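Quick mapping for you: the protein sequence lines, in order, are chains A and B. Here the first sequence stands for residues 1 to 399, where the numbers follow our numbering. Here the second sequence stands for residues 1001 to 1399, where the numbers follow our numbering. Down below is the structure, laid out as structure tokens.
Protein chains: 2
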Amino acid sequence: MRIEGPRYTERFGAVRIDEVQKVLELDSGRAGELSPYESVAVQKIEEDVIKDFEEKMLIVIPTKDEKLKLLEGVISGIPHECQILVVSNSQRKRVDRFKMEEGTLNQYCHFTQRQAYLIHQKDPVLAKALSESGYKYILDKDGLVRDGKAEGMIAAIFIAMMMKKDYIGFIDADNFSPGAVWEYVKCYASGFYMAGSPYAMIRIIWRYKPKIGEGVYFRKWGRVSEVTNRCMNSLVSVRTGFETDIIKTSNAGEHAMSLKLAELISYASRFAVEPQELVSIFEGFGGVLPMACKSAAKYGVEILQIETRNPHIHEDRGTEHLRDMLLPGLATIYHSKLCEKETKEKVMSELVQQGAIGPDEEPPKPQICPPPKNIDIQKFTKAMEGYMETRSALRSRGK
Amino acid sequence: MRIEGPRYTERFGAVRIDEVQKVLELDSGRAGELSPYESVAVQKIEEDVIKDFEEKMLIVIPTKDEKLKLLEGVISGIPHECQILVVSNSQRKRVDRFKMEEGTLNQYCHFTQRQAYLIHQKDPVLAKALSESGYKYILDKDGLVRDGKAEGMIAAIFIAMMMKKDYIGFIDADNFSPGAVWEYVKCYASGFYMAGSPYAMIRIIWRYKPKIGEGVYFRKWGRVSEVTNRCMNSLVSVRTGFETDIIKTSNAGEHAMSLKLAELISYASRFAVEPQELVSIFEGFGGVLPMACKSAAKYGVEILQIETRNPHIHEDRGTEHLRDMLLPGLATIYHSKLCEKETKEKVMSELVQQGAIGPDEEPPKPQICPPPKNIDIQKFTKAMEGYMETRSALRSRGK
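Laid out in structure tokens, this is it:
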């Protein structure tokens, strides 16, 4: 893979935010040195290096009643070296969609001889393990994991910790293009290789997101992303004193983290989860509030933003309203301890303009789940002992 | 890459047509042996093996006034080891689209340090070289290469022969997804590796071709493909005496050939070029007519059909009418020396039903360009000597 080197880095305390780096070539061919003048602008990441990182990575696919053919397609795009975990919140009553997912996955994994795990978000064993580890923040009053993509992602972080993985990457199940999925993982691996810190996050920005109406219009920015990015940049700008537009991935659903970093940050629900990750990093390592972790502060936390070659073509459900998506993300910025008057006003003006709240209202406080760092992973592991094997797509065939 | 092994092969004289093989996994990970029971059904083709074939392959991108961003995207998906040749028939008057393509390509190749050639279909040097080699069949009365994708493809075969490549693969410039392009090339390389003959052709069939209207419908078969395949299968069935539906790629625009085979077959114009390749192979090696080449007959000619993981998402120009596309393809079947009464009637009935011709008409005879095997490649090379270098995207930057 050939990627632009980062040409500029914005610093905010111990946080380094790299400018967007474009993928230049999906497949850069055999291993070989770059010429010295080429390496000024371009990084060539060898396939072997990428595979080293893939081996240490858990790829998590949160899914809910997704078309099985799309789910299978997404899995077929994930490089073989990565461990796969599907966290499903699909219905089990009437039509047992979860059972169908299991069948699809088992058949696929049997033919390709690859390992993948499938677990239901409402699995009682998982809930019990979370509870015993001391992390009850994502549990419902009935004792099971709450609905919501964010809750599934957090549970997956625990499983990655248990598996002793170094990296965790998320990919949505509704992607039409296995080739794009393949590229996301290559970007994750390349990003971790390029990062100058073991506390790193890779966020994907797509080149275009074809908008299909009459003909095709290649959108780059969704309206929600545009507004969220503007407010997020304001949060940083006001604190550093230098205006910046460096953040272009506030809502990046496709992103990956080193587990070291994932343990240190807090998570919000639904559409707020991705912006909250950034807010949490800025709070913990921006140098305005006390540092969240001394060792991480020493290395620094690095955020890489990588622009893919493939366009993002996914299921358009038409149910996501601008307002519903905008409000939770902006609320995480508004309620951050870093957020001062100027940014608060900016957020309010955007929300009022969109009719998301009235002029005298405040955005509702997001529900924040604290960092997983203090949990007892031994207890979690013990409670899950032997259980993941029964959730393996390779093992459970024919049962 | 992990691909299904061919489970069935139809034989027609010296021609072997393999059943469709599905791609199972885009990236099968590090090199390693398959378990013996897995290798019964599945082939794992190692990245290193694929690269060996890529090095010997010329990838040809025929283009005409295509969006530059799509063209650049297609190029970014082609593995680095492949030589690239863009054959452009874009306009040069008013707006010089060709010059714009040159600029785009030069900039891209400069940054990725990769080699690519761009030549205009109406280039007088190319026309002169073709003429001197003795191959005037694609020249217009003004002495330049005729318009048409097929004519550009044939010219590219000559250039591949001159470059002493072993394989030539074609990819359309209007593909939205660089990841799909990447997969096509991997399929070509894997196909040549799997083929049991140096006279081989790889034809791509896509898993789905999303049809975008209200919502998305994942079409597998276009109407034109369906009808053309049915008639093509009839051509074979009647001769072998066993009915078959093995041919599923009569109209495959994405296909590749060994140069050894490319030199032996004849070519038709426009939408007829892809079906005519098959007709020509059946005529030359089906055993009904005299064998076109003894050595090829000894090895056999092998046709592989590979189903990709990525859907085919491309520009929908809305100008290609069913009738206009159907007629030329079916005409190649109708006018084949192999075509007997039963298949002729089938072709007629389809064409009349579509209103493509009247009930008393015959489909027009396709214009067939003979196999390139008899040309004088030395003369072609001499006439092009030093010229291709000036068409190189890496060399001509800044000129």
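Where is the CB? At the ideal position from N, CA and C, for every residue including glycine. Please read these numbers as outputs of a predicted model, since none were measured by experiment.
Residue i versus residue j - alpha carbon distance
i, j, result
"Asp1052(B)", "Ile1154(B)", "25 Å"
"Ser266(A)", "Ile157(A)", "12 Å"
"Glu370(A)", "Phe285(A)", "Note on identity: in this sequence residue 370(A) is Pro, with Glu being the wrong assignment. Those two C-alpha atoms are separated by around 15 Å."
"Ala1206(B)", "Lys1346(B)", "The residue you asked about is not Ala; residue 1206(B) is Trp in the sequence shown. Looking at the two C-alpha atoms, the distance is approximately 26 Å."
"Phe111(A)", "Lys128(A)", "33 Å"
"Asn1106(B)", "Arg2(A)", "17 Å"
"Asp147(A)", "Gln1043(B)", "41 Å"
"Arg94(A)", "Glu1038(B)", "36 Å"
"Gln353(A)", "Glu102(A)", "45 Å"
Chain A within 9 Å of residue i, Cβ atoms only
i, result
"Tyr1167(B)", "no"
"Trp1206(B)", "no"
"Pro1036(B)", "no"
"Gln1113(B)", "yes"
"Leu1235(B)", "no"
"Glu1047(B)", "yes"
"Phe1158(B)", "no"
"Asn1089(B)", "no"
"Asn1229(B)", "no"
"Lys1051(B)", "yes"
"Phe1176(B)", "yes"
"Asn1310(B)", "yes"
"Glu1054(B)", "yes"
Beta-carbon contacts of residue i that lie in its chain and below 7 Å, excluding the five residues immediately before and after
i, result
"Asn1251(B)", "Val1224, Ser1225, Thr1228, Glu1274, Pro1275 and Gly1329"
"Arg1114(B)", "His1080"
"Arg1391(B)", "Tyr1117, Leu1118 and Ile1119"
"Met1232(B)", "Ile1247, Ser1250, Pro1275, Leu1278 and Ile1333"
"Asp1065(B)", "Ser1090, Gln1091 and Arg1097"
"Asp174(A)", "Glu66, Leu70, His314 and Glu315"
"Glu1340(B)", "Val1238"
"Arg309(A)", "Val23, Leu26, Glu183 and Arg207"
9 Å Cβ cutoff, residue i in contact with chain B
i, result
"Asp172(A)", "no"
"Tyr108(A)", "yes"
"Ser33(A)", "It is Glu, not Ser, that sits at residue 33(A) in the sequence shown. Output row for Glu33(A): interface = no."
"Ser28(A)", "yes"
"Lys374(A)", "Before going on, a small fix: residue 374(A) reads as Asn here, not Lys. Chain B, which has no Cβ nearer than 9 Å to the Cβ of Asn374(A), makes this no."
"Val42(A)", "yes"
"Ile313(A)", "yes"
"Leu58(A)", "no"
"Ala402(A)", "The requested residue 402(A) is not part of the displayed model; chain A covers only 1 to 399."
"Glu183(A)", "yes"
"Val23(A)", "yes"
"Gly73(A)", "yes"
Contacting residues, own chain, Cβ-Cβ under 6 Å from residue i (five flanking each side not counted)
i, result
"Ser76(A)", "Pro178"
"Ile1017(B)", "Glu1010, Ile1246 and Ile1303"
"Phe271(A)", "Met325, Pro328 and Gly329"
"Gly1073(B)", "Pro1178"
"Cys293(A)", "Leu264"
"Lys1122(B)", "Leu1144"
Proximity test, Cβ basis, 9 Å: residue i and chain C
i, result
"Ile1078(B)", "Included in the structure are the protein chains A and B, with no chain C among them."
Collapsed DSSP secondary structure at residue i in the structure displayed
i, result
"Ser1392(B)", "strand"
"Met201(A)", "strand"
"Arg2(A)", "strand"
"Asn1408(B)", "No answer is possible for residue 1408(B): the residues shown for chain B start at 1001 and end at 1399."
"Lys365(A)", "coil"
"Gly169(A)", "strand"
"Ile84(A)", "strand"
"Pro79(A)", "coil"
"Leu261(A)", "helix"
"Lys128(A)", "helix"
"Ile1333(B)", "helix"
"Glu1307(B)", "strand"
"Thr112(A)", "helix"
"Ala1356(B)", "coil"
"Pro36(A)", "coil"
"Asp1065(B)", "coil"
"Val273(A)", "helix"
Contacting residues, own chain, Cβ-Cβ under 8 Å from residue i (five flanking each side not counted)
i, result
"Lys344(A)", "Tyr334"
"Gly1355(B)", "Arg1323"
"Pro6(A)", "Asp18, Glu19, Gln21, Met194 and Leu304"
Discussion item. Closer than 8 Å is the cut-off here; do at least three beta carbon pairs connect the region 1027–1042 of chain B with the region 1130–1149 of chain B?
Written reply: No, they do not touch.
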